[in-house]
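Just so you know, we're using numbering that gives the first Met the number 0 here: the sequence shown kicks off at 0 and counts up by one. Even for Gly, the Cβ is constructed at its ideal location relative to N, Cα and C. What you are looking at is a predicted structure, and each value in this text was computed from that prediction instead of being measured.
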Amino acid sequence: MGIFGSSAMILIGYIYWETSGYLEQQTNATISAEIRGLTEQFRQTGGPGVEAVIRDRIARDPDRSTLYLLVTADRQPVLGNLPAWPAGELDANGWFHFTQLNQDGRSIPFQGQILRTSEGHSLLVAKEQSTLAATRQLINRVYILALAMGLLLALFGGIMMSSSVTRRVDAINRTSREIMAGRLQRRMPVRGINDEFDQLAGNLNAMLDRIDSLIDSVRAVTDNIAHDLRTPLARLRGRLENLALTPDISETVRGELNATITDADHLLATFRALLRIARIESGTHDEAWTDIDLGALLHDAWELYHAVGEEKGITVHLGTADGHMRGDRDLIFQAVSNLLDNAIKYSPPGSEVRLEMREDGDLLTIAVSDQGPGVPEAERGKVLDRFYRTAAVSGIPGSGLGLSLVNAIARHHGGQLILADNAPGLRVLLELPKTDLAGPGRTTLPAAPPSGESHG
């Protein structure tokens, strides 16, 4: 707007200067032509001839736009349409400026030249400048109006241009935030006009495709390892179990075999969790979508883990739990079970774990709160990664896949997993929509960045 306004001021100022100067030159040229003509007339016919010409010109100019006055050496009027020699000023260029009152009593500016004759007479020829002044006023008004309109148009154009740019930038920022929140399948919007924003979006999309491909490759390797090792590990566990049942081995060997079987069970559980996460994230999980009574589901989970908590001296409370949604009941039950299992595992004896649910419009929130060690805020962005465990719980057995699986289940149902402080401890919020409009296996809500601790 500033650049446009400055440019308009310079352009209109130049037009004003040129137009005003041109009109003034035309007026001055007319007066000069009059003087030259009368001078020539003096040379050819003398005073009587000039007087005849002046009378003729006065007769043809009833509006008195041009004034003539011939006076003697002592300024006595001889001929003209002025009653007396006017009071005025002579500028450095020889132009005589004065004013006269018209019939309406207004003061009209005049500009003229004075011709000295050989007989000692003086002839004043002047033209009114009201037309030039009016033209200048008109140009001034047009100048101001054009400048105001130009500034308004510049403001409107600037707003339109900045709005267009802002919309494109906002679209890229919005998509970037969704990608950072976990919706890695999203891509930058492209208009198809191949402008700078389209080129930027294309480069970002190519980069995201490459990153997605690398992530899929890493996941595929992990999932393939889990799939390929699960079967031989199950066979190994079976052989160890059979060997532990052999009667002719010592109790020391039997104890070692049982410990090895426990480790094998832990490995098998890890492989099962990896494979289940892979199936859920890839959309190949066998969906059994039904209407779920979350109140009954939470009560069943509470009954199962209430006894587990009592064994460790931990009280598990069930708060408000009433609501319905559509989804996979087994997956939702496993998600709640994982959260309760983590809360009990990492809570000290004598503490409390709370399981409750609230309903907010079309959103259902299942909350599990514990009084565990918590996690530094700087690590909260990593807690949903596979195998990630905080230093506070590194000494407690676990694979670091529990919350990863819960997060995959939440996104599978179009929800999100949010981790918050419980002061002390962790409060995990599993937000789920009542109805998954996107259908099974698709995300309708962006996954929120985690803000809590990683249990395993």
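Which residue comes first and which comes last in the beta strand (DSSP E) that contains residue i?
i: Val-367; result: 362 to 368
i: Trp-288; result: 288 to 292
i: Ser-121; result: 121 to 127
i: Leu-69; result: 65 to 70
i: Leu-81; result: Where Leu-81 is concerned, there is no enclosing beta strand (DSSP E), given that its DSSP letter is neither H nor E.
i: Arg-357; result: 351 to 359
i: Ser-106; result: 106 to 115
i: Asp-420; result: 415 to 420
i: Glu-430; result: 425 to 432
i: Leu-100; result: 95 to 100
i: Leu-317; result: 314 to 317
Looking only at its own chain, which residues have a Cβ that is under 6 Å from the Cβ of residue i, when we skip the five neighbours before and after it?
i: Gly-119; result: Ala-72
i: Phe-196; result: Arg-167
i: Trp-466; result: The chain is shown from 0 up to 455; residue 466 falls before or after that span and cannot be answered.
i: Thr-65; result: Lys-126
i: Leu-203; result: Met-187
For residue i and residue j, what's the separation of their Cα atoms in angstroms?
i: Gln-198; j: Asp-208; result: 15 Å
i: Pro-372; j: Pro-348; result: 13 Å
i: Ile-331; j: Met-187; result: 32 Å
i: Leu-338; j: Met-324; result: 19 Å
i: Ala-263; j: Asp-290; result: 37 Å
i: Met-0; j: Gly-157; result: 6 Å
i: Pro-76; j: Arg-140; result: 41 Å
i: Gln-25; j: Glu-127; result: 13 Å
i: Thr-29; j: Arg-115; result: 18 Å
i: Thr-283; j: Leu-239; result: Note that Thr-283 scores a pLDDT of 48, beneath 50, so its modelled location is shaky; the value from the coordinates is reported in the next line. Their Cα atoms are separated by approximately 33 Å.
i: Tyr-13; j: His-96; result: 26 Å
i: Ile-9; j: Leu-146; result: 10 Å
i: Val-164; j: Ala-153; result: 16 Å
i: Arg-173; j: Asp-215; result: 24 Å
Using a threshold of 8 Å, state whether the C-beta atoms of residue i and residue j are closer than that.
i: Ala-200; j: Val-189; result: yes
i: Ile-11; j: Tyr-142; result: yes
i: Asn-421; j: Ser-368; result: yes
i: Leu-428; j: Ala-334; result: no
i: Val-405; j: Leu-418; result: no
i: Ile-53; j: Leu-78; result: yes
i: Leu-123; j: Leu-68; result: yes
i: Pro-108; j: Ser-121; result: no
i: Ser-403; j: Leu-425; result: no
i: Gly-308; j: Ile-343; result: yes
Which same chain residues end up closer than 8 Å to residue i when comparing Cβ atoms and leaving out the 5 residues on each side of it in sequence?
i: Asp-321; result: Leu-293, Gly-294, Met-356 and Glu-358
i: Ala-243; result: Arg-253, Leu-256, Asn-257 and Ile-260
i: Leu-267; result: Arg-229, Leu-232, Ala-233 and Arg-236
i: Ala-300; result: Phe-332, Val-335, Ser-336, Leu-339 and Leu-354
For residue i, collect the residues of the same chain with a Cβ closer than 7 Å to its Cβ; drop the 5 residues on either side in sequence, then sort them by chain order.
i: Ser-5; result: none
i: Arg-63; result: Asn-80
i: Leu-362; result: Glu-430 and Pro-432
From which residue to which residue does the alpha helix (DSSP H) around residue i run?
i: Leu-330; result: 328 to 345
i: Ala-409; result: 401 to 411
Tell me whether residue i counts as near the ligand COA, meaning its Cβ is closer than 7 Å to at least one heavy atom of that ligand.
i: Leu-418; result: As far as ligands go, the structure on display features none, and thus does not contain the ligand COA.
The segment 77 to 89 touching the segment 24 to 44, judged by at least three CB pairs closer than 8 Å: no
With contact counted as at least three CB pairs below 8 Å, one residue from each stretch, are the segment 348 to 360 and the segment 306 to 314 in contact? Judged by Cβ distances under 8 Å, the segment 348 to 360 makes contact with the segment 306 to 314, as three or more pairs qualify.
So does the segment 176 to 186 actually touch the segment 45 to 61, counting three or more Cβ pairs closer than 8 Å? no
Count Cβ pairs between the segment 129 to 146 and the segment 12 to 28 that sit closer than 8 Å; are there 3 or more? yes
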